[in-house]
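In my numbering, each residue carries its 1-based index in the sequence shown increased by 692.
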Amino acid sequence: MGPVLAGVLQLLALIAALALAYVPLGNHMAKVYSSDKHWRVEKWIYKGIGADPNTEMRWPAYLRGVLAFSAVGVLFLYLLQRLQGVLPGSLGFKAIDADQAFNTAASFVTNTNWQSYYGEQAMGHVVQTAGLAVQNFVSAAVGIAVATALVRGFARSRTGELGNFWSDLVRGVTRILLPLSVVAAIVLVACGVIQNFSGIHEVGQFMGGDQQWNGGAVASQEAIKEIGTNGGGYFNANSAHPFENPTPFTNLFEIFLLLVIPFALTRTFGIMVGSVKQGYAILATMGTIWVGFIALMMWTEFAHHGPALQLAGGAMEGKETRIGVGASSIFAVSTTLTSTGAVDSFHSSFTGLGGGITMLGMQLGEIAPGGTGSGLYGMLIMAVIAVFIAGLMVGRTPEYLGKKIGTREIKFAACYILITPALVLIFTAVAMALPTPGDSMTNSGAHGFSEILYAYTSASNNNGSAFAGLNADTQWFNSTLGLAMILGRFLPMVFVLALAGSLAEQKPVPATAGTLRTEKPLFTGLLVGAILIITGLTYFPALALGPLAEGLAS
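Right, dumping it as structure tokens:
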């Protein structure tokens, strides 16, 4: 079997698995967020934190809950790292430096999971499990909660109430993320992923020095890392490390895990707004972009430019031989079109155009299918923009799901889509203009520029993957990337929740003969076009200086 055919067959198997999980998981999540019953363990949690899960919140109160909870998470994780040297289970590792501790705390609380450290050489068992793994659960649950609030904004009328943040947060963990992670961890352990609390072991000599490995609760963290679209690896090599991802099957299984909730949330959306066809329209948009990007990535990575690539069956530099070009391409596209950031290959070693595809996937806003929750609310924001454009074209007031998209709503949507590009381009420009940040680049020219552009794209979009080749463990990058992660996560949420509150207050508008049918293929095409055009106009000049210039020169 040739490598191209193997890659295509893996893609088809992945699509089949996602299709099988789509309806049951989507229905389950809709039931979770529509139920008025609380589990006993959930009641204990509410009592412990002093929250009333039955109190409905308007969008400012919901937002305060999101921000307060996240701020406490940043502080707790920061202190846990700073105190690591005196904690049990530290494996002898010292406390994390202040700038790196801030960067890591911001990273994991914002569901970014950018890492400027070597996990196996810096973090002990307590920080990994009580700190990083816990944030993998709750940061993902926050994203789903905000998406659910926006869906309620479309579904409800004549009220500004969007549900209860604390109830949505707890249910997301106890009823969705935790059960899925337990099952996934068992599968990963059965397939060879390690799960222990062992210390550091000498494993032999390497390049004239001793080589050491430590164990850890890797399978459990790997499961929630993918299911929650987090991405932070227990080891520096992330999902390219055989302790995290030992076989081609586990590689495909991990891709499935990082995609299954974002895709299934479109079903949840359709059920909650009373029209599963609307969910299918959003799903079709996400699926079209995802498959299109995979096809482009495979084409660029399988293109045979010279005898070395022909003999290897594609651009194998930076890729694991046990995984191959096809599966690495699927993983790279899936992880950058979601907010996962996990990697099973070295993105910096992709072809020039291949590296550009990974960047563009993040620059789209990570909405195909996007992160847990963030992908759905990002796509719904783009749907609002698309119906507004359609309304301008035909000269009538735009409507979406029975709600008018007026001046107030389009301002919220416009602010949402402008925040992230502003963060990416401003931080990149400043870093390139100053003399010190450029010292971190290991390459010059277009590829060196791509390293910095990728870093701020990854941080601002809360992805977390790295182009590599960039020494990001400096005070400048730890501080600015941490700031970009926080702003890129929470500023958009302000406008998402404000839009949700505005929509919930509206009276439904009955459909007429002139209403745009947003469940039809025409709307799907319009939405895909709006996403690509808006992103292309925003980022094309920067991409032309980096990956496009490199790709055309090779």
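Ideal Cβ placement from N, Cα and C applies to all residues, glycine included.
Source: prediction; values computed, not measured.
Own chain, CB closer than 6 Å to leucine 957, minus 5 neighbours either side, in chain order: Numbered from its first residue, the sequence shown carries residue 957 at position 265. For leucine 957, where only same-chain residues beyond five positions count, the Cβ hits under 6 Å are Leu1068.
To test your reading of the DSSP string, which unbroken alpha helix (DSSP H) runs of 4 or more residues are found completely within the region 1108-1166? DSSP runs (the alpha helix (DSSP H)) wholly in the region 1108-1166: 1137-1152.
Backbone CA spacing between tyrosine 725 and lysine 1199 [nearest angstrom]: Working through the sequence shown from its first residue, we reach residue 725 at position 33. Working through the sequence shown from its first residue, we reach residue 1199 at position 507. When the Cα atoms are used, tyrosine 725 and lysine 1199 turn out to be separated by approximately 23 Å.
Below 8 Å on the Cβ atoms is my guess for alanine 832 versus leucine 869; work out the distance and round it to an integer in Å. By 1-based counting over the sequence shown, the position of residue 832 is 140. By 1-based counting over the sequence shown, the position of residue 869 is 177. Indeed, because the Cβ distance is near 6 Å, the residues count as touching under 8 Å.
Can you confirm whether the region 1129-1137 touches the region 1101-1116 when touching is taken to mean that 3 or more C-beta pairs between the two stretches lie within less than 8 Å? Flag = no, the region 1101-1116 and the region 1129-1137 do not touch.
If we ignore side chains and look at the alpha-carbon of each, how far apart do glycine 777 and asparagine 1154 end up? For this step, residue 777 is matched to residue 85 along the sequence shown. For this step, residue 1154 is matched to residue 462 along the sequence shown. Cα to Cα, glycine 777 sits roughly 29 Å from asparagine 1154.
With the cut-off set at 9 Å, would you say glycine 1156 and serine 1031 are in Cβ contact? Within the sequence shown, the letter at position 464 stands for residue 1156. Within the sequence shown, the letter at position 339 stands for residue 1031. For glycine 1156 and serine 1031, yes; Cβs fall inside 9 Å.
In terms of alpha-carbon separation, which member of Ser1194, Ala1205, Leu704 and Gly1238 lies closest to lysine 1095? Counting from one through the sequence shown, the residue named residue 1095 turns up at place 403. Comparing C-alpha distances from lysine 1095 to each of Ser1194, Ala1205, Leu704 and Gly1238 shows the shortest one belongs to Ser1194.
Please work out which residues of its chain come closer than 6 Å, Cβ to Cβ, to phenylalanine 1135, disregarding the five sequence neighbours upstream and downstream, and give them in chain order. Numbered from 1 along the sequence shown, position 443 holds the residue referred to as residue 1135. Note that residue 1135 is asparagine in the sequence shown here, rather than phenylalanine. Same-chain partners within the cutoff: Gly1161.
Quick check: what's the CA-CA separation for threonine 1207 versus glutamate 1091? As a first step, residue 1207 is located in the sequence shown; it is residue number 515 there, counting from the start. As a first step, residue 1091 is located in the sequence shown; it is residue number 399 there, counting from the start. Threonine 1207 and glutamate 1091 have their alpha carbons spaced roughly 7 Å apart.
Would you say the region 810-819 touches the region 840-852, given that touching needs at least three Cβ pairs under 8 Å? Result no; under three Cβ-Cβ pairs closer than 8 Å.
What residue from Gln827, Phe785, Trp806 and Ala822 has the CA that sits closest to lysine 813's CA? For this step, residue 813 is matched to residue 121 along the sequence shown. Sequence inspection shows glutamine at residue 813; the lysine mentioned does not correspond to that position. Per the Cα distances, Phe785.
Taking the Cβ atom as the reference point for each residue, do leucine 1189 and leucine 842 lie within a distance shorter than 9 Å? Residue numbering aside, residue 1189 sits at position 497 when the sequence shown is read from its first letter. Residue numbering aside, residue 842 sits at position 150 when the sequence shown is read from its first letter. Leucine 1189 is a Cβ neighbour of leucine 842, given a cutoff of 9 Å.
Return yes when the Cβ of threonine 804 is within less than 9 Å of the Cβ of leucine 769, no when it is not. The count along the sequence shown starts at 1 and reaches residue 769 at position 77. The count along the sequence shown starts at 1 and reaches residue 804 at position 112. The criterion of a C-beta distance shorter than 9 Å is not satisfied by leucine 769 and threonine 804.
Which residue wins for smallest C-alpha separation from glutamate 1058, given the options Gly979, Arg1088 and Ala1241? One-based indexing of the sequence shown puts residue 1058 at position 366. Comparing Cα positions, the closest option is Gly979.
Helix or strand or just coil, what does DSSP make of asparagine 893? Walking along the sequence shown from the start, residue 893 turns up at place 201. Note that residue 893 is histidine in the sequence shown here, rather than asparagine. Reduced to three states, the DSSP call for histidine 893 is strand.
Is tryptophan 905 helix, strand or coil when you go by DSSP? Counting from 1 along the sequence shown, the entry for residue 905 is found at position 213. Three-state result, tryptophan 905: strand.
Measure from the alpha carbon of phenylalanine 994 to the alpha carbon of each residue in Tyr972, Gly1046, Phe955 and Ile947, then state which is nearest. Position 302 of the sequence shown, counted from the first residue, corresponds to residue 994. Nearest C-alpha to phenylalanine 994: Gly1046.
For methionine 1177, the nearest candidate out of Ala1151, Arg959, Gly823 and Glu1012 (CA to CA): Here the question's residue 1177 lines up with position 485 in the sequence shown. When each option's Cα is compared against that of methionine 1177, the closest is Ala1151.
Candidates Gly1137, Thr1064, Lys1103 and Leu1218, of which the one nearest phenylalanine 829 by Cα: Sequence index remark: in the sequence shown, residue 829 carries index 137 (1-based). A check of alpha carbon separations from phenylalanine 829 across Gly1137, Thr1064, Lys1103 and Leu1218 identifies Thr1064 as the nearest.
With a threshold of 7 Å on Cβ separation, who are the neighbours of leucine 1237 within its own chain once the five nearest residues in sequence on each side are excluded? For this step, residue 1237 is matched to residue 545 along the sequence shown. Excluding sequence neighbours, leucine 1237 sits near Ala1138 and Phe1141.
Considering only the beta carbon of each residue, do methionine 990 and glycine 1018 sit closer than 9 Å? Counted from its first residue, the sequence shown places residue 990 at position 298. Counted from its first residue, the sequence shown places residue 1018 at position 326. Going by C-beta atoms, methionine 990 is nearer than 9 Å to glycine 1018.
In this structure, does DSSP put lysine 1103 in helix, strand or coil? Numbered from 1 along the sequence shown, position 411 holds the residue referred to as residue 1103. Of the three classes helix, strand and coil, the one that applies to lysine 1103 here is helix, per DSSP.
Span of the alpha helix (DSSP H) around isoleucine 1022: Taking the sequence shown and counting its residues from 1, the one referred to as residue 1022 is at position 330. That run of the alpha helix (DSSP H) goes 1016-1029.
State the CB to CB distance for the pair alanine 1116 and isoleucine 1097, rounded to an integer number of angstroms; the pair is presumed to be in contact (CB under 8 Å). Residue mapping note: residue 1116 aligns to position 424 of the sequence shown, counting from 1. Residue mapping note: residue 1097 aligns to position 405 of the sequence shown, counting from 1. In the sequence under discussion, the amino acid at residue 1116 is valine, which differs from the alanine named in the question. Not really, about 26 Å apart at Cβ, beyond 8 Å.
Smallest Cα separation from phenylalanine 1187: which of Phe1119, Val875 and Lys1103? If you number the sequence shown from 1, residue 1187 lands on position 495. Distance check between phenylalanine 1187 and each of Phe1119, Val875 and Lys1103 places Lys1103 closest, using alpha-carbon atoms only.
Among Val801, Ala1196 and Gly1217, the one whose alpha carbon lies nearest that of alanine 847: Mapped onto the sequence shown, residue 847 falls at position 155. Between alanine 847 and the set Val801, Ala1196 and Gly1217, the nearest pair of CA atoms involves Ala1196.
Under DSSP, the alpha helix (DSSP H) around tryptophan 806 begins and ends at which residues? For this step, residue 806 is matched to residue 114 along the sequence shown. From DSSP, tryptophan 806 is part of no alpha helix (DSSP H); its letter is neither H nor E.
With DSSP run on the structure shown, which of helix, strand or coil describes tyrosine 1092? As a first step, residue 1092 is located in the sequence shown; it is residue number 400 there, counting from the start. Note: tyrosine 1092 maps to strand in three-state DSSP.
Should the region 1164-1171 be called in touch with the region 714-731, which here means at least 3 C-beta pairs below 8 Å? The region 1164-1171 vs the region 714-731: no contact.
Rounded to a whole number of angstroms, what is the C-alpha to C-alpha distance between glycine 1221 and arginine 959? Counting from one through the sequence shown, the residue named residue 1221 turns up at place 529. Counting from one through the sequence shown, the residue named residue 959 turns up at place 267. Spanning the two alpha carbons is a distance of roughly 22 Å.
Collapsed DSSP secondary structure at lysine 729 in the structure displayed: Here residue 729 refers to the residue found at position 37 of the sequence shown. Correct three-state label for lysine 729: coil.
Inter-residue Cα distance where the pair is asparagine 943 and asparagine 937: Along the sequence shown, read from residue 1 onward, the residue named residue 943 stands at position 251. Along the sequence shown, read from residue 1 onward, the residue named residue 937 stands at position 245. Taking the straight line joining both Cα atoms gives about 6 Å.
DSSP-derived helix/strand/coil call for glutamate 1197: For the purposes of this step, residue 1197 is taken as the residue at position 505 of the sequence shown. Here glutamate 1197 sits in helix by DSSP.
Which term fits lysine 969, buried or exposed, when burial requires 16 or more other beta carbons within 10 angstroms of its beta carbon? Along the sequence shown, one-based indexing puts residue 969 at 277. The residue is exposed, with fewer than 16 neighbouring Cβ atoms inside 10 Å.
If you draw a straight line from the alpha carbon of methionine 1074 to that of glycine 811, how long is it in whole angstroms? On the sequence shown, residue 1074 is found 382 positions in, with the first residue counted as 1. On the sequence shown, residue 811 is found 119 positions in, with the first residue counted as 1. Taking the straight line joining both Cα atoms gives about 36 Å.
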